[in-house]
Structures are given as C-alpha cells and as structure tokens.
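**Student:**
Protein chains: 2
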Amino acid sequence: MRGARRQIPDVCVERLSLYVRELTRLGQRGVGYVSSRRLAEHVHVSDAQVRRDLSYFGQFGTSGRGYEVRRLQTALGQILGIGGRTWYVGLAGVGNLGSALLAYRGFRERGFEFRVAVDSNPDKVGKVVQGLTVASSDRLVEIVRSQQLHIGIIAVPTDVAQHVCDRFVEGGVRAVVNFAPARLEVPATVRLRNVDLAIELEALAFYLGRTRGLARQNGKAA
Amino acid sequence: MRGARRQIPDVCVERLSLYVRELTRLGQRGVGYVSSRRLAEHVHVSDAQVRRDLSYFGQFGTSGRGYEVRRLQTALGQILGIGGRTWYVGLAGVGNLGSALLAYRGFRERGFEFRVAVDSNPDKVGKVVQGLTVASSDRLVEIVRSQQLHIGIIAVPTDVAQHVCDRFVEGGVRAVVNFAPARLEVPATVRLRNVDLAIELEALAFYLGRTRGLARQNGKAA
DNA sequence: CACTGTGAATGCATTCACAGCG
DNA sequence: CGCTGTGAATGCATTCACAGTG
Chain A
0 MRGARRQIPD VCVERLSLYV RELTRLGQRG VGYVSSRRLA EHVHVSDAQV
50 RRDLSYFGQF GTSGRGYEVR RLQTALGQIL GIGGRTWYVG LAGVGNLGSA
100 LLAYRGFRER GFEFRVAVDS NPDKVGKVVQ GLTVASSDRL VEIVRSQQLH
150 IGIIAVPTDV AQHVCDRFVE GGVRAVVNFA PARLEVPATV RLRNVDLAIE
200 LEALAFYLGR TRGLARQNGK AA
Chain B
0 MRGARRQIPD VCVERLSLYV RELTRLGQRG VGYVSSRRLA EHVHVSDAQV
50 RRDLSYFGQF GTSGRGYEVR RLQTALGQIL GIGGRTWYVG LAGVGNLGSA
100 LLAYRGFRER GFEFRVAVDS NPDKVGKVVQ GLTVASSDRL VEIVRSQQLH
150 IGIIAVPTDV AQHVCDRFVE GGVRAVVNFA PARLEVPATV RLRNVDLAIE
200 LEALAFYLGR TRGLARQNGK AA
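Chains A and B, in that order, give the protein sequences. Just so we're aligned, residue 0 is where the first sequence starts under numbering that gives the first Met the number 0, counting upward by one. Just so we're aligned, residue 0 is where the second sequence starts under numbering that gives the first Met the number 0, counting upward by one.
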C-alpha cells in the first residue's frame with residue numbers, strides 16, 4: 000500500500016482553508032481566543048468536526064480557553080502550504096473567466112503568483128492583462144519550464160483543454176486546475192482538480208425539481 | 000419495488016451530470032450502446048459506481064448489452080431536471096467572473112436561462128452584456144419577483160455578498176450559487192452552493208507541499 | 001468550570017461478488 | 001457467454017460522549 004502516514008480526509012483539507020479565512024477575520028477584529036464551537040458556527044460545521052480536523056495535525060488548543068487565534072491561523076497556514084512559500088501559477092486562456100482569475104486578489108494574498116498567461120488568439124498575445132503580458136500558447140511548454148511553474152490553470156474551450164493540459168504536464172507542472180467541462184487525463188504524479196460551473200447548476204436543478212419543501216444545505220466547500 | 004425513496008448520495012447527483020455529458024458525446028459519435036465499464040472509464044469512476052448510481056433511479060440497462068445511449072441520456076436528463084424544463088437564473092455582479100458566466104454557452108444548452116443581470120456600479124447599469132441589459136442592484140428584489148427567478152448567482156465582492164444573497168432570498172429564489180469567498184446564511188428552504196476559487200488552489204498547495212511522489216487524483220466533480 | 005482531544009459508535013459512500021437475465 | 005442490478009462487506013467521514021486539563 001501507499002502512504003504510511005495517517006490518512007487525512009480530502010474534505011478536511013478544504014475546511015482548513017475556511018478555518019484560516021475565519022481566523023484571519025477574527026484576528027482583524029482583535030479576537031484573541033476562539034472555541035471550536037464558535038469557529039464551527041462561522042464555517043457551518045459541527046464543533047466536533049473542527050476539533051477532529053485539527054487533531055489530524057496536532058494539538059493547538061488550551062483546555063477551557065479554546066484556540067489562540069493568531070497561533071492557530073499561522074499553524075494552519077503552514078500546514079496548507081501557504082505560509083511563507085510562494086507557488087508559481089500559469090494561466091491558459093485569457094477570456095472572461097481567465098481575466099477574472101487573474102484579477103482575483105485572494106490568490107496573491109495567499110501566496111499564489113500568476114507568472115504567466117497564454118492564449119492562442121493572436122489578437123490577445125502581447126496585450127497586458129492585470130500587469131501580465133499575454134504570451135502565445137505555442138510556447139507554453141518552454142514557458143512552464145523557464146518560469147518553474149508549479150500549477151497550471153486551464154480556462155480554455157473544452158475542445159483544446161486536453162491539449163493544453165498535456166503541454167502543462169510536459170513542461171513540468173505538479174498540479175492542474177481545470178475549468179473546462181471535460182475530464183482530463185493526467186499522469187498519476189500530477190494532481191488534478193476540476194471546477195465545473197455547469198455541474199453546480201445541474202446539481203441544484205435536481206434538488207429544485209424534487210424537493211418542494213425544505214432543502215438541506217449543500218455540502219460544497221467554499 | 001422496495002424502499003421507494005431511498006437517500007441519494009450528494010456526490011452521486013454530480014456524477015449524473017458527468018454521465019449525461021459523456022452520453023451526449025457518445026450519441027454524437029453514433030454509439031448505440033455503452034457498458035457501465037466503458038462509461039465509467041470516461042468519467043474516471045469504477046464500473047460498480049456507475050451501476051450503483053443509476054440503480055438509485057431505476058433500471059436502465061439490458062443484461063449482456065449495456066445501456067442504450069440515447070435512452071439513458073434523456074432519462075438522466077429528466078431526473079436531473081434539465082429535460083424540457085427551463086430554469087430562470089439571475090446574476091448579481093457583472094465583473095469579469097459574472098461576464099464569464101453570462102458568456103458560458105453550456106448553461107443555455109442545459110435549460111438555464113439568464114433573465115437578469117444586476118450590478119451596483121452605475122457605470123455598468125444600462126449596458127448590454129451578452130444580450131442582457133444590466134439593471135441596478137437596488138431593484139433586485141422586485142426583479143427576482145417579476146421575472147420569477149429560480150436561481151440567483153452571486154459574483155459580487157465578499158463584503159456585499161450576504162446583502163445581495165438576502166435580496167435574492169427576499170425576492171423568492173429557491174437556490175443560490177455563491178462565488179464570493181464567504182459563508183452565507185440562507186433559510187433552510189433555500190438551497191445554497193458555494194464555489195470557491197481560492198480553496199481549489201489551497202487544497203492543491205497542501206498536497207504539493209507534502210507529497211513529493213505520486214498524487215492521487217482529486218475527487219472533485221467536474 | 002469550560003473547553004480540548006480522542007476512542008468508540010454511528011452513518012454514508014464505495015466496492016465486492018455473484019445471482020439472474022438476454 | 002457478457003453484462004446488469006443489488007445484497008453484503010468494506011472503507012471513509014462524522015458525530016457522540018466523556019476522561020482529562022489549565
């Protein structure tokens with residue numbers, strides 16, 4: 000079998016991000032300590048869930064007092080890999096969605112740096128978007144290599160998504176985030192994550208179509 | 000026929016969308032029948048998973064032959080609530096992300112119709128984006144009512160997300176999709192779904208930070 | 001006290017494995 | 001045969017409940 004370490008639930012990692020976000024806010028408001036209960040409320044999970052999630056990574060609390068906000072915040076940041084370190088990101092596809100991603104300030108704040116944006120449309124190549132000069136998609140592989148990109152983001156049309164993905168992988172990225180509505184093939188060494196806008200709506204339609212009455216909240220991390 | 004309404008796994012619904020998508024493609028290629036095995040391969044799940052997912056909703060296959068592509072496609076479409084019916088959607092926030100959503104053709108194809116887009120920026124109000132005239136956010140409640148919107152999409156900055164959400168709910172939407180990095184409060188009758196771009200990257204960073212070696216594929220529906 | 005951290009119990013989701021059908 | 005549909009078994013994730021602690 001693989002991975003000797005204790006198995007950390009996949010969804011737990013996503014919640015970690017939410018905890019950090021809430022802790023940041025609490026810190027800004029000058030809150031010094033927070034209990035699992037209060038933290039849980041803000042993130043919409045149970046208090047037991049919070050304690051269990053944290054327990055995967057160590058002991059951060061004080062009996063009777065709770066968690067020290069600043070300390071927990073930085074600790075979780077470290078664990079998530081967004082403490083100190085900067086991850087280099089490349090974007091393929093500078094359409095509306097791509098532009099939205101480039102414009103999103105949250106990335107930079109958390110240590111993700113867009114170093115490159117490429118597009119196959121010659122009209123876009125050379126233009127400057129969010130302080131980044133758009134390069135040609137043809138040069139993607141060499142760019143990924145020379146810029147040492149860790150993560151590739153795919154915001155291109157479905158029919159070229161796999162091709163672009165392959166170029167990212169060829170260049171040596173270690174993870175890919177795919178916004179195209181396609182299932183991409185990547186080697187086992189590369190981490191793949193899909194964000195599919197149509198599915199979000201379709202899943203809703205399913206519940207709207209049946210539950211006339213009350214609806215459970217949906218279990219999507221966010 | 001036993002246990003008439005069994006509980007359907009949340010993730011199963013998302014996979015249904017993927018099945019429909021793949022079936023559509025197979026249909027276009029003229030494929031008449033498909034086995035759970037082959038369908039599973041394309042969607043990156045196990046064949047048992049496919050059969051189990053389908054079994055929640057009925058029996059669609061033929062022993063020894065598999066599933067008739069066209070028939071299964073329409074059946075699943077019905078189940079998802081995207082067969083025939085049109086869902087009315089409203090967008091709040093016509094920035095890059097909002098524009099990207101308006102431009103996404105996949106929605107219309109699957110029976111989601113943007114009827115309204117609003118923005119709080121006076122410079123944007125009155126402009127036409129993707130064939131839709133941008134209205135003022137102030138009028139959101141009445142617009143939701145008069146246009147009979149089922150779904151509200153939130154693509155506004157974090158600090159006003161809750162306010163906009165409340166207006167959607169007040170107007171009577173039955174579901175909300177939130178793209179802002181905030182946890183929104185909605186009554187139990189309203190279905191909420193969050194799409195959080197930063198979390199996608201942070202979850203990746205976690206795995207990049209630790210697994211030097213091979214990475215499991217990530218379980219995000221797409 | 002008020003709270004954490006965690007075994008044990010429960011509840012979901014996935015896979016196994018095979019009877020039964022075309 | 002080849003393949004579906006599904007009980008039974010397994011494997012994950014969440015909650016319970018409480019001993020232990022500052």
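For every residue, glycine included, the Cβ atom is placed at its ideal position computed from N, Cα and C.
Please report how far the alpha carbon of A:R107 lies from the alpha carbon of B:D46, in whole angstroms.
**Tutor:** By one-based count along the first sequence, residue 107 of chain A stands at place 108. By one-based count along the second sequence, residue 46 of chain B stands at place 47. About 41 Å.
**Student:** Quick check: A:F111 and A:V128, are their CB atoms within less than 7 Å of each other?
**Tutor:** On the first sequence, residue 111 of chain A is found 112 positions in, with the first residue counted as 1. On the first sequence, residue 128 of chain A is found 129 positions in, with the first residue counted as 1. Not closer than 7 Å, so no.
**Student:** Quick one: does B:R4 have its CB under 7 Å from some CB of chain A?
**Tutor:** Counting from 1 along the second sequence, the entry for residue 4 of chain B is found at position 5. At B:R4, the pLDDT of 44 sits below 50, so the modelled position is not reliable; the number obtained from the coordinates is stated separately. Answer no: the Cβ-Cβ gap between B:R4 and chain A never drops below 7 Å.
**Student:** If you follow the beta strand (DSSP E) that A:G89 is part of, which residue opens it and which one closes it?
**Tutor:** Position 90 of the first sequence holds residue 89 of chain A. Per DSSP, A:G89 belongs to the beta strand (DSSP E) from 86-91.
**Student:** In its own chain, which residues sit with a C-beta less than 8 Å from the C-beta of B:G57, not counting the 5 before and 5 after it?
**Tutor:** Locating residue 57 of chain B in the second sequence gives position 58, counting from the first residue. Excluding positions up to five away in sequence, the list reads A74.
**Student:** Is it a yes or a no for the stretch 82-98 of chain A touching the stretch 114-128 of chain A, going by three-plus beta-carbon pairs under 8 Å?
**Tutor:** Because the criterion of three Cβ pairs below 8 Å is met, the stretch 82-98 of chain A and the stretch 114-128 of chain A touch.
**Student:** Using only CA atoms, which one of A:G170, A:A160, A:F205 lies nearest to A:I142?
**Tutor:** Position 143 of the first sequence, counted from the start, is the residue given in the question as residue 142 of chain A. Among A:G170, A:A160, A:F205, the Cα nearest to that of A:I142 belongs to A:G170.
**Student:** Should B:A102 go down as buried or exposed, given a rule of 16 or more other Cβ atoms within 10 Å for buried?
**Tutor:** Indexing the second sequence from 1 puts residue 102 of chain B at position 103. With fewer than 16 Cβ atoms within 10 Å of its Cβ, B:A102 is classed as exposed.
**Student:** Hey, out of A:R51, A:S16, A:R37, whose CA is closest to A:I81's CA?
**Tutor:** Along the first sequence, read from residue 1 onward, the residue named residue 81 of chain A stands at position 82. Among A:R51, A:S16, A:R37, the Cα nearest to that of A:I81 is on A:S16.
**Student:** Give a yes or no on whether the minimum CB-CB distance between A:E201 and chain B is below 7 Å.
**Tutor:** One-based indexing of the first sequence puts residue 201 of chain A at position 202. Answer yes: the Cβ-Cβ gap between A:E201 and chain B drops below 7 Å somewhere.
**Student:** Name the residue from A:D52, A:V168, A:V115 whose alpha carbon lies nearest to the alpha carbon of A:V133.
**Tutor:** Taking the first sequence and counting its residues from 1, the one referred to as residue 133 of chain A is at position 134. Ranking A:D52, A:V168, A:V115 by Cα distance to A:V133 puts A:V115 first.
**Student:** Would you say A:S16 lies against chain B (beta-carbon separation less than 7 Å)?
**Tutor:** Within the first sequence, the letter at position 17 stands for residue 16 of chain A. For A:S16, the answer is yes, since a Cβ of chain B falls inside 7 Å of its Cβ.
**Student:** Would B:Q27 count as contacting chain A if we go by Cβ distances under 7 Å?
**Tutor:** To locate residue 27 of chain B, count along the second sequence from 1; it is residue 28. For B:Q27, the answer is no, since every Cβ of chain A falls outside 7 Å of its Cβ.
**Student:** Quick check: what's the CA-CA separation for A:Q48 versus A:S145?
**Tutor:** Working through the first sequence from its first residue, we reach residue 48 of chain A at position 49. Working through the first sequence from its first residue, we reach residue 145 of chain A at position 146. Looking at the two C-alpha atoms, the distance is approximately 43 Å.
**Student:** Could you pull out every residue in the same chain whose Cβ sits closer than 7 Å to the Cβ of B:L71, ignoring the five residues on either side in sequence?
**Tutor:** Residue 71 of chain B sits at position 72 when you count from the first residue of the second sequence. Excluding positions up to five away in sequence, the list reads L22, F59.
**Student:** Using a beta-carbon distance below 7 Å, is B:A197 in contact with chain A?
**Tutor:** Working through the second sequence from its first residue, we reach residue 197 of chain B at position 198. Yes, contact with chain A.
**Student:** Do A:S35 and A:R50 have their C-beta atoms within less than 7 Å of each other?
**Tutor:** Here residue 35 of chain A refers to the residue found at position 36 of the first sequence. Here residue 50 of chain A refers to the residue found at position 51 of the first sequence. Closer than 7 Å, so yes.
**Student:** Alpha carbon to alpha carbon, how far is A:G65 from A:S54?
**Tutor:** By one-based count along the first sequence, residue 65 of chain A stands at place 66. By one-based count along the first sequence, residue 54 of chain A stands at place 55. Using only the alpha carbons, I get a separation of about 14 Å.
**Student:** Around the C-beta of B:R224, are 16 or more other C-beta atoms found within 10 angstroms, so that it is buried, or is it exposed?
**Tutor:** Nothing can be reported for residue 224 of chain B, as the shown portion of chain B is limited to 0 through 221.
**Student:** Who are the near neighbours of B:V140 in its chain, counting only those whose CB is closer than 7 Å to its CB and skipping five residues on each side?
**Tutor:** Counted from its first residue, the second sequence places residue 140 of chain B at position 141. Around B:V140: R166, E169, G170.
**Student:** Just by C-beta distance, which residues in the stretch 140-162 of chain A are closer than 7 Å to chain B?
**Tutor:** For the stretch 140-162 of chain A, which is checked against every Cβ of chain B, the residues closer than 7 Å are H149, I150.
**Student:** Is B:L79 close to chain A, meaning its C-beta is less than 7 Å from at least one C-beta of that chain?
**Tutor:** Locating residue 79 of chain B in the second sequence gives position 80, where the first residue counts as 1. Yes, B:L79 counts as interfacial toward chain A.
**Student:** Would you say A:N95 lies against chain B (beta-carbon separation less than 7 Å)?
**Tutor:** Your numbering for residue 95 of chain A matches position 96 in the first sequence. A:N95 counts as touching chain B.
**Student:** Could you name the residues of the same chain whose beta carbon sits closer than 8 Å to that of A:V44, not counting the 5 residues immediately before and after it, in chain order?
**Tutor:** Translated into the one-based positions of the first sequence, residue 44 of chain A becomes position 45. Excluding sequence neighbours, A:V44 sits near R14.
**Student:** Note down, in chain order, every chain A residue with its Cβ under 8 Å from the Cβ of B:F205.
**Tutor:** For this step, residue 205 of chain B is matched to residue 206 along the second sequence. Within chain A, the residues near B:F205 are V12, L15, I78, L79, G80.
**Student:** When burial is assigned at 16 or more other CB atoms within 10 Å of the CB, is A:G76 buried or exposed?
**Tutor:** Within the first sequence, numbered from 1, the residue matching residue 76 of chain A stands at position 77. By the 10 Å Cβ count, A:G76 comes out buried.
**Student:** Can you tell me whether B:R1 is buried or exposed, with buried defined as 16 or more other CB within 10 angstroms of its CB?
**Tutor:** For this step, residue 1 of chain B is matched to residue 2 along the second sequence. Confidence in B:R1 is poor, its pLDDT being 34 and thus under 50, which makes the residue's placement unreliable; the coordinate value appears in the next sentence. Looking at its Cβ environment, which holds fewer than 16 other Cβ atoms inside 10 Å, B:R1 is exposed.
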